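**Q** Below you will find the structure I want to go over with you.
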Amino acid sequence: MPILDAFKLEGKVALVTGGNRGLGKQMALALAEAGADVALTSRSIHRAEEVAREIAEATGRKCIGYACDVANPGDVESMMTQLIHDFGGIHIVINNAGIN
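Just so we're aligned: the sequence shown equals residues 0 to 99 in numbering that gives the first Met the number 0.
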């Protein structure tokens with residue numbers, strides 16, 4: 000069995016905070032390439048949606064971008080409520096967002 004078969008993520012949902020650029024974007028892309036559907040966050044809804052669209056087009060996986068300031072509990076609660084509505088649940092979380 001090829002080693003990558005051991006890391007297939009079909010049927011899983013992953014959340015990557017700070018997934019709009021740099022390492023977060025690359026992790027979101029890698030998760031989608033492994034078969035996961037991906038939710039990613041950014042403080043900028045436009046950037047989150049743009050990157051989500053790029054990943055969905057490149058991989059064929061469901062990918063949705065959400066605006067969320069992880070330092071704001073209300074933003075996090077609102078984003079998680081919408082994410083659960085959109086995906087039905089979550090299996091993987093990568094807390095990549097930084098806080099100043």
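Backbone N, C-alpha and C fix where the C-beta goes; we use that ideal spot for every residue, glycine too.
Owing to the predicted nature of the structure, the values given are computational and were not obtained by experimental measurement.
Do you know whose CA, among P72, A27, D68 and A70, lies nearest R52's CA?
**A** Measuring from the Cα of R52, the nearest candidate turns out to be A27.
**Q** Which of the three DSSP states is assigned to I83 in this structure?
**A** Helix at I83.
**Q** With DSSP as the reference, label A47 as helix, strand or coil.
**A** It is helical.
**Q** Could you tell me which residues DSSP pairs with A66 in its beta bridges?
**A** Answer is S41.
**Q** Taking A29 as the reference, give the member of G59, E49 and H45 with the closest Cα.
**A** Out of G59, E49 and H45, G59 has the C-alpha closest to the C-alpha of A29.
**Q** Ignore the nearest five residues each way along the sequence and tell me which others in G88's own chain have a CB closer than 7 Å to its CB.
**A** So the list reads V12, once near-sequence residues are dropped.
**Q** How long is the line joining the alpha carbons of A66 and R42, rounded to whole angstroms?
**A** Roughly 5 Å between the two C-alpha positions.
**Q** Which of the three DSSP states is assigned to A13 in this structure?
**A** In the structure shown, A13 sits in a strand (DSSP, three-state: E or B).
**Q** If I'm right that G23 touches N71 with Cβ under 8 Å, what's the distance once you round it to whole angstroms?
**A** Their Cβ separation, rounded to whole angstroms, is 18 Å, which puts G23 and N71 out of contact at 8 Å.
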